[in-house]
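When we follow our numbering, the leftmost residue of the sequence shown carries the number 50, and every step to the right adds one.
Here a beta-carbon is modelled for each residue, glycine too, at the ideal position from N, C-alpha and C.
Source: prediction; values computed, not measured.
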Amino acid sequence: MRLSVLDLVPVRTDQSTGDALAATVSLAQTADRLGFTRFWVAEHHNMPAVGATSPPVLLAYLAAQTSRVRLGSGGVMLPNHAPLAVAEQFALLEAAAPGRIDLGIGRAPGSDPVTSYALRGARSAAEQDRDIETFPEYLDDVAALMSASGVLVPLRLGDYRLKATPAAASEPRLWLLGSSMYSAHLAAAKGLPYVFAHHFSGNGTEEALEVYRTRFVPSTLTPEPVTFLTVNAAVAETRDEATALMLPNLQMMARLRTGQPLGPVPLVEEAQVAELTAAQQQIVDSGLQRAVLGTPVQAAEQVRTLAERFGVDEVMVNPVASARRGTDPATALGRVATLELLAKELF
Numbered sequence: 050m051r052l053s054v055l056d057l058v059p060v061r062t063d064q065s066t067g068d069a070l071a072a073t074v075s076l077a078q079t080a081d082r083l084g085f086t087r088f089w090v091a092e093h094h095n096m097p098a099v100g101a102t103s104p105p106v107l108l109a110y111l112a113a114q115t116s117r118v119r120l121g122s123g124g125v126m127l128p129n130h131a132p133l134a135v136a137e138q139f140a141l142l143e144a145a146a147p148g149r150i151d152l153g154i155g156r157a158p159g160s161d162p163v164t165s166y167a168l169r170g171a172r173s174a175a176e177q178d179r180d181i182e183t184f185p186e187y188l189d190d191v192a193a194l195m196s197a198s199g200v201l202v203p204l205r206l207g208d209y210r211l212k213a214t215p216a217a218a219s220e221p222r223l224w225l226l227g228s229s230m231y232s233a234h235l236a237a238a239k240g241l242p243y244v245f246a247h248h249f250s251g252n253g254t255e256e257a258l259e260v261y262r263t264r265f266v267p268s269t270l271t272p273e274p275v276t277f278l279t280v281n282a283a284v285a286e287t288r289d290e291a292t293a294l295m296l297p298n299l300q301m302m303a304r305l306r307t308g309q310p311l312g313p314v315p316l317v318e319e320a321q322v323a324e325l326t327a328a329q330q331q332i333v334d335s336g337l338q339r340a341v342l343g344t345p346v347q348a349a350e351q352v353r354t355l356a357e358r359f360g361v362d363e364v365m366v367n368p369v370a371s372a373r374r375g376t377d378p379a380t381a382l383g384r385v386a387t388l389e390l391l392a393k394e395l396f
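Quick look at the structure:
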């Protein structure tokens, strides 16, 4: 069983961005020390609870402070960026940390419409829709630009070669991320490794993975289907404590999905007195049911069951434990403990 980590650099009510970043470094170093396979970071913009805005910048920072774990984006939202810029950033990361870089790519905006408008150079909604429509071509461009031969652009005066880096000795591993049938079909058609965002809602996982596996077209770099999935996790010595640590994150997600204003991730004590609507409480209850949650023994069994059910040999946990009042703001003790307790049972 391989375990990996997804991190959004969560920002609690008691933290600055710098505090949250320090906590993420500690989490990455824990994953590195314990033998986790990957440590991926997300891309979200203008969200009070999420500090992960620039995967390549954050990955460079983490590469300098870890030695073994693979580092990657979970993921870069390609419609927000020029394919050449993404290819250059990750080719350079691969040169700095050879054999350790994963480029996970998605097509969601990772932001609200206003932020997306600002992020994409004030492009109109119609132009942004076209960016999404051309996503498959952009994906091909990134892969080609990172290759040793690059891309030949035909011009009147002759072909012009574009390359992400002058002399690549290796390439980042390219992954397609998604939470829909669209992404499963696309990953299969292009012969790419595929990651299903099971931690989003848990709906459609089995169907998407079945489509990916049955329709997979072998490629040079990926001769057979390669996939894993993500899941929210909080592990503690008791199930009650694990639940208390997970509730702040689930309440935040419930507010997001019901159109309420977002703030930082609440502390445990703040979540315990929060008032939720019936719809929000239903979202929280659903999140508790599909998460890896409980004591080390309970959580390890849940991971094994999840892997067996969906036929994967790697599970990526998103450790969402918050903290109690009085905790050092530059730490994430609950998230670190989640990794340590899972590793003790599964490695």
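Given residue i as reference, the closest of the options once Cα atoms are compared
{"i": "I150", "options": "R156, A157, L141", "result": "L141"}
{"i": "S198", "options": "T254, A217, R384", "result": "A217"}
{"i": "D161", "options": "L107, P185, D362, E92", "result": "E92"}
{"i": "P104", "options": "V135, V163, E350, Q329", "result": "V135"}
{"i": "S228", "options": "D68, L241, A167, A157", "result": "A157"}
{"i": "V200", "options": "L133, S219, N298, R87", "result": "L133"}
{"i": "V99", "options": "L70, L390, Y166, Q330", "result": "L70"}
{"i": "L223", "options": "R82, L355, G155", "result": "G155"}
Close Cβ partners of residue i (< 8 angstroms) along its chain, the five nearest in sequence each way excluded
{"i": "V89", "result": "The question names Val, but residue 89 in the sequence shown is Trp. The answer, listed in chain order, is S53, V54, L55, D56, L120, G121, S122, G123, G124, D151, G153, M365."}
{"i": "N367", "result": "V54, L55, D56, L57, H248, T279, V280, N281, A282"}
Cβ pair residue i, residue j closer than 9 angstroms
{"i": "P274", "j": "Y261", "result": "yes"}
{"i": "R374", "j": "V317", "result": "yes"}
{"i": "S371", "j": "P97", "result": "no"}
{"i": "A213", "j": "L225", "result": "no"}
{"i": "T292", "j": "L337", "result": "yes"}
{"i": "R288", "j": "L342", "result": "yes"}
{"i": "M295", "j": "I332", "result": "no"}
{"i": "D362", "j": "F277", "result": "yes"}
{"i": "L390", "j": "A285", "result": "yes"}
{"i": "G312", "j": "S219", "result": "no"}
Alpha-carbon spacing of residue i relative to residue j, whole angstroms
{"i": "S232", "j": "A392", "result": "30 angstroms"}
{"i": "R306", "j": "E143", "result": "36 angstroms"}
{"i": "A257", "j": "A348", "result": "24 angstroms"}
{"i": "A72", "j": "D208", "result": "48 angstroms"}
{"i": "P345", "j": "L188", "result": "39 angstroms"}
{"i": "E259", "j": "A246", "result": "15 angstroms"}
{"i": "V191", "j": "R169", "result": "18 angstroms"}
{"i": "V163", "j": "V314", "result": "22 angstroms"}
{"i": "T376", "j": "H234", "result": "45 angstroms"}
{"i": "V118", "j": "A381", "result": "19 angstroms"}
{"i": "S113", "j": "N129", "result": "Before going on, a small fix: residue 113 reads as Ala here, not Ser. Cα to Cα, A113 sits roughly 26 angstroms from N129."}
{"i": "N95", "j": "L206", "result": "44 angstroms"}
Beta-carbon contacts of residue i that lie in its chain and below 7 angstroms, excluding the five residues immediately before and after
{"i": "V385", "result": "S75, L76, T79"}
{"i": "L395", "result": "M50, L52, A349, V352"}
{"i": "T254", "result": "F245, H247, L278, F359"}
Beta bridge counterpart(s) of residue i as assigned by DSSP
{"i": "S122", "result": "V90, L152"}
{"i": "R61", "result": "V314"}
{"i": "F396", "result": "BP columns for F396 are empty, so no partner."}
{"i": "P203", "result": "D208"}
{"i": "Y243", "result": "L225, T276"}
{"i": "P368", "result": "A282"}
{"i": "R51", "result": "E363"}
{"i": "G343", "result": "V284"}
{"i": "D56", "result": "V90"}
6 angstroms Cβ shell around residue i - same chain, five flanking residues per side excluded
{"i": "A236", "result": "L225, Y243, Y261"}
{"i": "P221", "result": "F139, E143, I150, L152"}
{"i": "Q64", "result": "P378"}
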